[in-house]
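Student: Encoded as C-alpha cells, here's the structure I'll be asking about.
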Amino acid sequence: MKDNWFAAVLMHRWVKYCLIVAGVSILGLLMVDFYRSSKWLNYDICKKLAVVALSFIAVPAIISVLKSQSIHHCPWDLQRYGGYVPYLRLFDSLPDDIKA
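In terms of the numbering used here, the sequence shown opens at residue 1001 and continues consecutively.
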C-alpha cells in the first residue's frame, strides 16, 4: 500500500493538513468571539474549544518532531515489507550503512 493514493496521500498527508486547518480555524473563531462585544460562545465552551484546537495543531506537530528524532523507519521501508531497512528492536542501534 506504499504507492496507494489512499494510504500515501490522503491518510498520511491530507488528514494532517485538515487537522491543522481545523485547529487554526477554531482558534480564529475563538479570537473573533473574544474581540466581539456580543459573545456567541460562553466561557466554558471557549475553554473546551481551545483545548480541542490546540490538540488539533499540537498532535501532528509533536508526531513530526518525534519521527524526525527517531532512528526507526516507517514500516513501509522495512525489508520484511519490501523496503530496504532491517527491522530494529526498540533499543537496537542503527547499522552504519543506513541513515536515520
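The beta-carbon is built from N, C-alpha and C at its ideal position, and this holds for glycine as well.
#1: Check each candidate in 1070, 1078 and 1060 and name the one with the smallest Cα separation from residue 1018.
#2: Where does the unbroken alpha helix (DSSP H) through residue 1069 begin, and where does it stop?
#3: Helix, strand or coil for residue 1078, going by three-state DSSP, please let me know.
#4: Can you grab the Cα-Cα spacing for the pair residue 1071 / residue 1010, in whole Å?
#5: Is the CB of residue 1075 under 9 Å away from at least one CB in chain B?
#6: On the DSSP bridge assignment, give the partners of residue 1085 in chain order.
Tutor: Quick answer:
#1: That would be 1060, whose Cα lies nearest to the Cα of residue 1018.
#2: Per DSSP, the unbroken alpha helix (DSSP H) holding residue 1069 starts and ends at 1043 to 1069.
#3: DSSP places residue 1078 in strand when its eight states are reduced to three.
#4: Their Cα atoms are separated by approximately 25 Å.
#5: The chain labelled as chain B is not found in the depicted structure, where only one protein chain is given.
#6: Bridge partners of residue 1085: 1078.
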